[in-house]
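Just so we're aligned: the sequence shown equals residues 259 to 444 in this note's numbering. Ideal Cβ placement from N, Cα and C applies to all residues, glycine included. A quick write-up on the structure given underneath.
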Amino acid sequence: MRIMSEDNDDFDLFRKQMDGARRQRHDKADPFRRRRPLPLPPHPEVTGDQEGDGLADLNIETPDELLFQRPGVQHRLFQELRRGYLAPDDTLDLHGLRVTEARRELAAFIRHAHRRRMRVVRIIHGKGIGSQERQPILKQKVNQWLRQIDDVLAFCSAPRLDGGTGAAYVLLALKRVPNHHNKRHR
Numbered sequence: 259m260r261i262m263s264e265d266n267d268d269f270d271l272f273r274k275q276m277d278g279a280r281r282q283r284h285d286k287a288d289p290f291r292r293r294r295p296l297p298l299p300p301h302p303e304v305t306g307d308q309e310g311d312g313l314a315d316l317n318i319e320t321p322d323e324l325l326f327q328r329p330g331v332q333h334r335l336f337q338e339l340r341r342g343y344l345a346p347d348d349t350l351d352l353h354g355l356r357v358t359e360a361r362r363e364l365a366a367f368i369r370h371a372h373r374r375r376m377r378v379v380r381i382i383h384g385k386g387i388g389s390q391e392r393q394p395i396l397k398q399k400v401n402q403w404l405r406q407i408d409d410v411l412a413f414c415s416a417p418r419l420d421g422g423t424g425a426a427y428v429l430l431a432l433k434r435v436p437n438h439h440n441k442r443h444r
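Right, dumping it as structure tokens:
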């Protein structure tokens with residue numbers, strides 16, 4: 259008889275908890291919607307950018323392997339970049355530079371590469387083994403800075419034989435050149 263009493267107590271407790279609950283009219287979940295990334299502040303006075311290069315120091319967690327892809331970059335193209343199928347046109351080595359120097363060099367290098375219509379470049383930032391804190395400070399900064407440059411479409415850690423997690427492959431947008439040859443002559 260004790261079992262019946264416990265069952266009734268459980269049922270009464272359940273009914274009490276469900277008081278006010280309404281039956282769902284459908285059994286389908288809302289469709290998944292990707293969130294768009296928040297836009298970055300555009301002006302140096304907003305970002306704290308003192309160098310005038312448009313690069314701010316953001317608080318972005320940096321995993322061991324760098325991966326970044328802007329919306330609209332084809333998955334296949336990004337996979338080719340990750341696998342090292344797209345050879346870098348040029349390389350920038352930031353080893354031994356202070357953060358302010360590295361920031362200036364990176365901004366100038368990306369501008370140079372974009373003007374020269376380079377598609378893929380390699381940035382060697384190191385793994386931080388030689389730093390005082392034994393932390394990859396430059397890697398963290400490169401991860402932050404590259405995300406802020408509009409001409410950077412994607413980047414990832416380089417393949418193991420080309421620097422691994424101590425370097426990054428960067429996919430750049432091709433510079434648009436006005437096509438004067440297609441104008442119709444009257």
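Handout entry: Assigned secondary structure, Y427 (DSSP; H/G/I helix, E/B strand, else coil)
Key = strand
Problem - For H284 and F367, the rounded distance between their alpha carbons - result: 56 Å
Problem - Rounded C-alpha distance that separates R369 from K286 - result: 49 Å
Practice task
Just confirm the distance between the C-beta atoms of P417 and R334, as a whole number of angstroms; I'd bet it's less than 8 Å.
Solution key: Not confirmed; about 17 Å, so no contact.
Problem - Within 7 Å, strictly: CB atoms of L396 and L352 - result: In contact: L396 and L352 (Cβ atoms closer than 7 Å).
Practice task
Could you check what DSSP says for D267 in three-state terms: helix, strand or coil?
Solution key: helix
Practice task
Determine the direct distance from the alpha carbon of A345 to that of V400, and round the result to whole angstroms.
Solution key: 20 Å
Handout entry: Contact under 7 Å by Cβ, L430 with A360
Key = no
Exercise for the section: Below 7 Å CB to CB, which residues in the same chain sit around Q327 once its five sequence neighbours on both sides are set aside? Expected result: F336, A412
Handout entry: Beta-carbon gap between V378 and D347 smaller than 7 Å
Key = yes
Practice task
With a floor of 4 residues, list each alpha helix (DSSP H) that falls wholly inside the segment 328-393, ordered by position along the chain.
Solution key: 333-341, 357-373
Problem - Close beta carbons around G278, own chain, < 7 Å, minus the five adjacent residues each side - result: Contacts found: none.
Handout entry: Residues bridged to L396 [DSSP beta-bridge criterion]
Key = L396 pairs with nothing; no bridge assigned.
Practice task
Let me know if L404 comes out buried or exposed under the rule of 16 or more other beta-carbons within 10 Å of its beta-carbon.
Solution key: buried
Handout entry: Closest residue to L339 among F269, R374, D267, S415 (Cα-Cα distance)
Key = Closest by alpha carbon: S415.
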